[in-house]
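543 is the number that the working numbering gives to position 348 of the sequence shown; each next residue is one higher, with no gaps.
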Amino acid sequence: MKWTNKGHELDQYAKKLTAGLQNRNKSYIFGAGKLGKTLLPLFKNCNREVVFIDNDTEKQARTIEGIEVVSLEHYLQNRDGFIVIAASIQNIPVIEEQLEENKLQRRIDFWLYQEFVDYFFPIISTYYYDKAFVPLAQICLTERCSLKCKKCAHGCYAVDNQNAKDLTLKQVYKSADSFFSKIDFVQEFVLIGGEPLLYKQLSEAIQYIGQQYRNQMGVFSITTNGTIVPDDKVLKMCKQYNVLFRISNYSGSISKLKLAYDRLTAKLQEYSIQYKLGMPESQWTDYGFEYVNRNASEEELIQVFDSCRTPCREIRENRYYFCVMARSVSENLGFHIGQNDYLDLDALQGEWYKKELLEFNFGYSEKGYLDMCGHCHGAERTDYPIPAAEQVKVL
Ligand code: SF4
Ligand code: SF4
């Protein structure tokens, strides 16, 4: 979308969403489990009172992390807040039905977890609490990787591991400083790559970001392909700043990775560091960067961009990129286009800057698209399934 009324694009929508919030001063999280707990820092950041709802009568008798757990019947007597469903995929339809039976409406009275974090909360945080909130942001420490996946969405297979330059530590610090000078809270802040565990000064990067900004993020994580066991210095920092390891699971394509995952997870357990090993991935979708060339009009490119809605924001010094794939593929595959397709965080100022930032996150920009959208399947990538993590070289 092209900006036509910068700083005010969402005013009308926000007015509707925030109407009546003063009478609904509590936030109810339906599901007093692990997922529900990840919402607690968001509400704390805005000083909103939180209550859990749970169908489990045993949970209703106690508090969890000091927070009251009530039944749905209890909520219905007061209806003094909105509800966010934080439940497993199997339980969501059951809870939705339960709420709708009680005349509660989705996106008015209750929200599903992801739509809440991606749409509703950023708006109320900005418009109602005057706090800039972003669901996800990442720093790409290195483009080097210990695997060489043929269809890497960052184009890392084309990177020369011997000679490629990683971000300097100064650039990493600058990225975090610029980002957190404008954003009050991020739900998840991720260190990625390439393979971030190849980054030589990883412990220093974690220490700096953790020390300065840990209280401005819900989850602090590292996304890894699981091939490398970090050293003691990195592990200690991860423990100290409560870093979560998200381990991609490519063992379906590369069977010897099972052993690597066992080694890594055993080490993380030894240090009591949280991790999530993904389910084995068998299929990816192809962005098509290497061969798509749309030769499309501006209007068509805007359509491609608007229908894509990638959540993958990247911060690189003062530059805030909407799509980390676009930035990294353009560099790694030598397109060298779209170098100006970012929001300059350091230049962002004035009365409406938090709203401009919110609009950018919702897909507004001067051009309304990225140059790399012309070389990408975008939302249509689901029509192009490919095997997951097929390697360029046989390992
Ligand atoms: S492991 Fe990830 S970053 Fe590395 S080449 Fe494969 S997809 Fe790209
Ligand atoms: S369509 Fe554009 S924004 Fe979406 S993934 Fe492709 S390059 Fe990124």
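Beta carbons are placed, not taken as given, at the ideal position from N, Cα and C, and that holds for glycine.
Rounded separation between residue i and residue j - CA only
{"i": "D313", "j": "Q464", "result": "31 angstroms"}
{"i": "L364", "j": "E296", "result": "54 angstroms"}
{"i": "S398", "j": "C433", "result": "8 angstroms"}
{"i": "G202", "j": "K550", "result": "5 angstroms"}
{"i": "D457", "j": "I423", "result": "11 angstroms"}
{"i": "S443", "j": "F305", "result": "32 angstroms"}
{"i": "K360", "j": "T418", "result": "20 angstroms"}
{"i": "K548", "j": "Y323", "result": "The question names Lys, but residue 548 in the sequence shown is Tyr. The straight-line gap from Cα to Cα measures roughly 15 angstroms."}
{"i": "K298", "j": "L235", "result": "26 angstroms"}
{"i": "D536", "j": "F484", "result": "17 angstroms"}
{"i": "G388", "j": "F375", "result": "20 angstroms"}
{"i": "A454", "j": "N273", "result": "The sequence shown places Leu at residue 454, rather than the Ala named in the question. Those two C-alpha atoms are separated by around 53 angstroms."}
{"i": "A400", "j": "V385", "result": "12 angstroms"}
{"i": "Q407", "j": "D372", "result": "9 angstroms"}
{"i": "K588", "j": "A353", "result": "12 angstroms"}
{"i": "I532", "j": "N490", "result": "14 angstroms"}
{"i": "I404", "j": "Q293", "result": "42 angstroms"}
{"i": "M412", "j": "Q382", "result": "6 angstroms"}
{"i": "E253", "j": "L472", "result": "30 angstroms"}
{"i": "T577", "j": "T258", "result": "43 angstroms"}
{"i": "L205", "j": "R302", "result": "16 angstroms"}
{"i": "E338", "j": "E509", "result": "13 angstroms"}
{"i": "R514", "j": "V289", "result": "43 angstroms"}
{"i": "I581", "j": "P475", "result": "15 angstroms"}
{"i": "Y466", "j": "D426", "result": "11 angstroms"}
{"i": "G558", "j": "M196", "result": "6 angstroms"}
Secondary structure of residue i, DSSP reduced to three states
{"i": "H572", "result": "coil"}
{"i": "Y515", "result": "strand"}
{"i": "L463", "result": "helix"}
{"i": "Y352", "result": "helix"}
{"i": "I318", "result": "helix"}
{"i": "F374", "result": "helix"}
{"i": "E561", "result": "coil"}
{"i": "L235", "result": "helix"}
{"i": "M520", "result": "helix"}
{"i": "Y470", "result": "strand"}
{"i": "D539", "result": "strand"}
{"i": "S283", "result": "coil"}
{"i": "P330", "result": "strand"}
{"i": "L342", "result": "coil"}
{"i": "V424", "result": "coil"}
{"i": "I290", "result": "helix"}
{"i": "P580", "result": "strand"}
{"i": "G533", "result": "coil"}
{"i": "E383", "result": "strand"}
{"i": "Y308", "result": "helix"}
{"i": "M412", "result": "strand"}
{"i": "E554", "result": "helix"}
{"i": "Q478", "result": "strand"}
{"i": "E244", "result": "strand"}
{"i": "S448", "result": "coil"}
{"i": "Q396", "result": "coil"}
Among the options, the one whose alpha carbon lies nearest that of residue i
{"i": "V264", "options": "S443, N297, V245", "result": "V245"}
{"i": "G573", "options": "G261, D251, C503, L397", "result": "C503"}
{"i": "E512", "options": "L540, K197, A491, N240", "result": "L540"}
{"i": "A209", "options": "K462, T258, P317", "result": "P317"}
{"i": "Q402", "options": "Y352, Y368, V381, F238", "result": "Y368"}
{"i": "N220", "options": "A353, Y270, Y486", "result": "Y270"}
{"i": "S370", "options": "G388, L386, I334, G350", "result": "I334"}
{"i": "G529", "options": "G350, K453, R514", "result": "G350"}
{"i": "E575", "options": "V487, P425, L472", "result": "V487"}
{"i": "F555", "options": "C507, I581, Y579, V587", "result": "C507"}
{"i": "Q255", "options": "G276, C241, G226", "result": "G226"}
{"i": "G276", "options": "I287, Q300, G421", "result": "Q300"}
{"i": "D501", "options": "Y579, C571, N420", "result": "C571"}
{"i": "L336", "options": "S320, Q366, Q309", "result": "Q366"}
{"i": "R441", "options": "D426, K428, L459", "result": "L459"}
{"i": "I468", "options": "I287, Y436, A584", "result": "Y436"}
{"i": "Q478", "options": "L553, K462, Y579", "result": "Y579"}
{"i": "Q207", "options": "R243, I319, I287", "result": "I319"}
For the pair the segment 434-451 and the segment 537-556, tell me if three or more CB-CB distances fall below 8 angstroms. no
Between the segment 316-330 and the segment 345-356, are three or more C-beta pairs nearer than 8 angstroms? no
Under 8 angstroms, with one C-beta from each stretch per pair, do the segment 283-295 and the segment 510-526 reach the 3-pair mark? no
Report yes or no: do three or more beta-carbon pairs, one from the segment 559-566 and one from the segment 485-501, lie closer than 8 angstroms? yes
Three or more C-beta pairs below 8 angstroms linking the segment 386-393 and the segment 216-228: no
Should the segment 219-233 be regarded as contacting the segment 242-258, the criterion being three or more beta carbon pairs within less than 8 angstroms? yes
Heavy atoms of ligand 1 versus C-beta positions, residues under 5 angstroms: C340, L342, C344, C347, C351, N420
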